[in-house]
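These notes are about the structure you will find just below.
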Amino acid sequence: MFWIDLGLLGMTAYRMVGALKAAFTVLEKSALAFLFALGLKSLILFFLIQVKVQPLASIQLGMTLLVLVLTRFLTSPETQAATQTPSQRPSARTQWQTVFAGILIAVLVLFSLLNAWFFPITESDATWYQVRGMSFFHEVKFDSDWVVPQLGQYPPFIPLLFSWFIAFGMEPLRIIFPLFYLALNIIFYC
Numbered sequence: 004m005f006w007i008d009l010g011l012l013g014m015t016a017y018r019m020v021g022a023l024k025a026a027f028t029v030l031e032k033s034a035l036a037f038l039f040a041l042g043l044k045s046l047i048l049f050f051l052i053q054v055k056v057q058p059l060a061s062i063q064l065g066m067t068l069l070v071l072v073l074t075r076f077l078t079s080p081e082t083q084a085a086t087q088t089p090s091q092r093p094s095a096r097t098q099w100q101t102v103f104a105g106i107l108i109a110v111l112v113l114f115s116l117l118n119a120w121f122f123p124i125t126e127s128d129a130t131w132y133q134v135r136g137m138s139f140f141h142e143v144k145f146d147s148d149w150v151v152p153q154l155g156q157y158p159p160f161i162p163l164l165f166s167w168f169i170a171f172g173m174e175p176l177r178i179i180f181p182l183f184y185l186a187l188n189i190i191f192y193c
């Protein structure tokens, strides 16, 4: 069910990014849609927790489907792609530097993925994000006794995503951070 929910979120976000009518490459549009989908999911979970509804997988799936249907009616279909002006052919040196930078970024993302996959979460912020995600899911409130008051001031975006993973029984939770890194690299360097 997680993959169905993620697919529905992806379709919704891709449609909304397409409604911007900006000249994005396919990779940029996909990365923006990925980040927008995660933000949209956090907003859905924020709403559910605010109205004191436990964010079970079936409820989340229904809410995501509702948002997709609303998006379908509120955005017009993408009729024209934004036109890009033809640029001059880059020099061989520029192409070599671009390929080298791409390989370097790919290696860094790969190391980040391997680190997240094989090693546990040890940093205090990430640990508290996970604890807050569990408290959001189980206690269905933002002010938990599990979390120390100073960490309650952290924004709820990441912990809400952790509660999404917990609701669908997805592991490992820590893989989300390298995916953020990859999406931001695509947006900034494409």
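Position 181 of the sequence shown, counted from 1, bears residue number 184 in the numbering used here, the numbering being contiguous throughout.
The beta-carbon is built from N, C-alpha and C at its ideal position, and this holds for glycine as well.
Output needed for residue i: all residues of its chain with C-beta closer than 6 angstroms, excluding positions within five of it in sequence on either side, in chain order.
i	result
R177	A119 and I124
Q57	V143
N188	I108
K32	V20
Apart from the five residues just before and just after residue i, which ones in its own chain have a Cβ nearer than 8 angstroms to its Cβ?
i	result
T15	A40, L43, T67, V70, L71 and T74
Y157	D128, W131, Y132 and R135
V150	W131, V134, R135 and S138
In terms of residue numbering, what span does the alpha helix (DSSP H) encompassing residue i cover?
i	result
V2	Residue 2 cannot be examined here, being either before or after the span of the chain that is shown, 4 to 193.
Q63	A60 to L77
F139	S127 to E142
I179	I179 to Y192
W6	F5 to G21
P164	The residue asked about is misnamed: residue 164 is Leu in this sequence, not Pro. Run containing L164: F160 to F171, per the alpha helix (DSSP H) assignment.
Are the beta-carbon atoms of residue i and residue j separated by less than 8 angstroms?
i	j	result
L186	L38	The amino acid occupying residue 186 in the given sequence is Ala; Leu does not appear at that position. Against a cut-off of 8 angstroms, the Cβ pair of L38 and A186 comes out as a contact.
F49	M173	no
S45	L164	yes
T65	A36	A quick correction: the sequence has Gly, not Thr, at residue 65. No, these two residues do not count as a Cβ contact at 8 angstroms.
L116	P181	yes
Using a Cβ-Cβ cut-off of 7 angstroms (strictly less than) and excluding sequence neighbours within five positions of residue i, which residues of its own chain qualify?
i	result
R18	T74 and T78
V102	none
I7	L64
For the ligand HEM, I want to know if residue i counts as a neighbour, meaning its beta carbon is within less than 7 angstroms of at least one of the ligand's heavy atoms.
i	result
T101	This structure lacks the ligand HEM, and indeed carries no ligand of any kind.
query = Taking one C-beta from the segment 156-170 and one from the segment 132-139 each time, how about it: are there three or more such pairs within less than 8 angstroms?
reply = Cβ pair count under 8 angstroms is three or more, so yes.
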